[in-house]
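Numbering (the working numbering), first residue to last: 319 to 606. Here the structure is laid out as structure tokens; the discussion comes afterwards.
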Amino acid sequence: MSEPEPVPSGVLAGRVAVVTGGLSGIGAAAVRRFLDEGASVVAGDLRADRPSELAAEPAGRLIVRSADVADEADVRGLVDTAVERFGRLDVMFNNAGVLGAIGPIATADMDEVDRTLAVNLRGVFLGMKHAARVMRPLRSGSIISTSSPAGLAGGQGPHAYSAAKAAVIGLTRSVAAELRADRIRVNTVVPGATVTAMMADVATGDAADLEGAAEKMAATAWMDRPIRPEDVVEAVLFLASDASRFVTGETLSVDGGMTSAPGSSPFLTERFAGTSAIFENGRRTERH
Ligand SMILES: NC(=O)c1ccc[n+]([C@@H]2O[C@H](COP(=O)([O-])OP(=O)(O)OC[C@H]3O[C@@H](n4cnc5c(N)ncnc54)[C@H](O)[C@@H]3O)[C@@H](O)[C@H]2O)c1
319 MSEPEPVPSG VLAGRVAVVT GGLSGIGAAA VRRFLDEGAS VVAGDLRADR PSELAAEPAG
379 RLIVRSADVA DEADVRGLVD TAVERFGRLD VMFNNAGVLG AIGPIATADM DEVDRTLAVN
439 LRGVFLGMKH AARVMRPLRS GSIISTSSPA GLAGGQGPHA YSAAKAAVIG LTRSVAAELR
499 ADRIRVNTVV PGATVTAMMA DVATGDAADL EGAAEKMAAT AWMDRPIRPE DVVEAVLFLA
559 SDASRFVTGE TLSVDGGMTS APGSSPFLTE RFAGTSAIFE NGRRTERH
């Protein structure tokens, strides 16, 4: 006789999540953590049959499905799979993304731009649409989408990517305002440069060389080390769980201060050390 399955415990015990881009990087780390915290998970990614960063399925709580987030039927399928197989949907993590079209604005290839917007914006829109469809009758749920520092400031990424990531933040706020009445929360997470296949490709030219990328990224890290997917997922878990019960429409950066605290104040330099002074009417008044 086989052992009875252990009853899952954790902050997401009994909850059901869909994670897009769930076979790599931040998405895969979210799937692993959600499972550890007791959730059942449907992970969607472009090619479910490729080798993934996910370990073996724990006690029937993980379903992996091929899905292109730009395709409405595929996104509907992920959400319906969650409902059919696990009974409900509590957490939608719209995380799939591509760097997409690169290059100067004047020579942009519009087919590449359209595809980039389709994955990074339309894909998030579809995730919100179908999550809301099944969450509304439950009058609860948490929708989280992955944006980027490129959506908050210029010069941080390719144009189409930046436009889509900014739009994800706008869409999040707009949908949060609508779904608040149904107690469905909608938030955005903004990872700084994170050690994943996407960044490894940029940093080393080899998407599989995560440790080579981590080494290169250490030189420009905003804190003591490069950000790992697990660091981002701590924030995602907060937004997914009841700990963030009244948090909605928010943009939560996990970037070591890159977007909110990028400067270094001139008033903290050696020149002012040991001085207590106030600046008033354009003059510095020494106090002692
Ligand atoms: N790594 C970073 O530094 C960083 C920084 C800011 C934001 N992000 C965002 O984080 C998210 C996750 O990226 P990552 O860094 O983990 O990269 P990653 O390349 O490791 O993972 C992205 C996953 O999305 C999947 N995917 C791509 N297009 C898809 C589609 N059309 N349908 C379904 N799945 C698709 C890929 O197959 C891959 O498994 C993305 O939205 C990305 O833009 C990443």
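Ideal placement from N, C-alpha and C gives every residue a C-beta, glycine not left out.
Under 7 Å Cβ to Cβ from residue i, same chain only, skipping five residues before and after it: list those, please.
| i | result |
| --- | --- |
| Ala531 | Val513, Met517, Ala518, Ala521 and Thr522 |
| Arg403 | Ile381 |
| Phe609 | Not covered by the structure: residue 609. The range shown for the chain is 319 to 606. |
| Leu439 | Ala482, Ala485 and Val486 |
| Asp549 | Val572 |
| Ser559 | Val329 and Leu330 |
| Met576 | Pro467, Gly510 and Trp540 |
| Arg394 | His448 |
| Thr603 | Ala595 and Ile596 |
| Thr566 | Ala494, Arg498, Arg503, Val504 and Asn505 |
Compute the Euclidean distance between the alpha carbons of residue i and residue j, then round it to the nearest angstrom.
| i | j | result |
| --- | --- | --- |
| Ser607 | Val329 | Residue 607 cannot be examined here, being either before or after the span of the chain that is shown, 319 to 606. |
| Ala449 | Ala536 | 37 Å |
| Gly581 | Ala595 | 21 Å |
| Leu497 | Ser480 | 26 Å |
| Ser407 | Asp500 | The sequence given here places Leu at residue 407; Ser does not occur at that position. Computed Cα separation, rounded: 14 Å. |
| Ile545 | Val551 | 11 Å |
| Ile344 | Gly473 | 23 Å |
| Ile462 | Gly441 | 13 Å |
| Leu470 | Glu430 | 22 Å |
| Ala424 | Asp524 | 28 Å |
| Arg365 | Ser578 | 36 Å |
| Val452 | Ser358 | 16 Å |
| Val554 | Glu568 | 12 Å |
| Asp432 | Gly421 | 14 Å |
| Asp354 | Thr399 | 21 Å |
| Arg601 | Glu588 | 19 Å |
| Arg491 | Gly592 | 45 Å |
| Arg454 | Leu396 | 17 Å |
| Ala495 | Thr538 | 37 Å |
| Arg543 | Gly574 | 10 Å |
| Phe597 | Phe352 | 51 Å |
| Val401 | Glu390 | 17 Å |
| Phe590 | Ser583 | 11 Å |
Residues in the same chain with beta-carbon distance under 8 Å from residue i, minus the five sequence neighbours each way, listed in chain order, please.
| i | result |
| --- | --- |
| Leu372 | Gly340, Leu341, Ala346, Val349, Arg350, Ala361, Leu380 and Val382 |
| Gly356 | Pro326, Ser327, Gly328, Val329, Leu330, Ala331, Gly332 and Arg333 |
| Asp367 | Ser384 |
| Asp515 | Going by the sequence as given, residue 515 is Ala instead of Asp. Closer than 8 Å at Cβ, skipping near neighbours: Ser342, Gly343, Ala525, Ala526 and Leu528. |
Just checking my contact of residue i with residue j at CB under 8 Å: how many whole Å lie between their CB atoms?
| i | j | result |
| --- | --- | --- |
| His477 | Ala414 | About 20 Å; that fails the 8 Å criterion. |
| Ala388 | Ala436 | 4 Å |
| Gly445 | Thr338 | 6 Å |
| Leu269 | Val493 | The chain is shown only over 319 to 606; residue 269 falls outside these bounds and no answer can be derived. |
| Thr464 | Asn412 | 7 Å |
Use the C-beta contact count for residue i: other C-beta atoms within 10 angstroms, 16 or more gives buried, fewer gives exposed.
| i | result |
| --- | --- |
| Gly488 | exposed |
| Arg503 | buried |
| Met428 | exposed |
| Gly541 | The sequence given here has Met at residue 541, not Gly. Burial call: exposed. |
| Asn599 | exposed |
| Asp434 | Note on identity: in this sequence residue 434 is Thr, with Asp being the wrong assignment. Buried: at least 16 other Cβ atoms inside 10 Å. |
| Gly405 | exposed |
| Gly475 | buried |
Who are the Cβ neighbours of residue i in its own chain at under 6 Å, not counting the five residues just before and after it?
| i | result |
| --- | --- |
| Arg457 | Asp500 and Arg501 |
| Lys534 | Ala521 |
| Phe556 | Ser562 |
| Val416 | Val437 |
| Met410 | Val336, Gly445, Ala449 and Ile461 |
| Asp392 | Ala385 and Asp386 |
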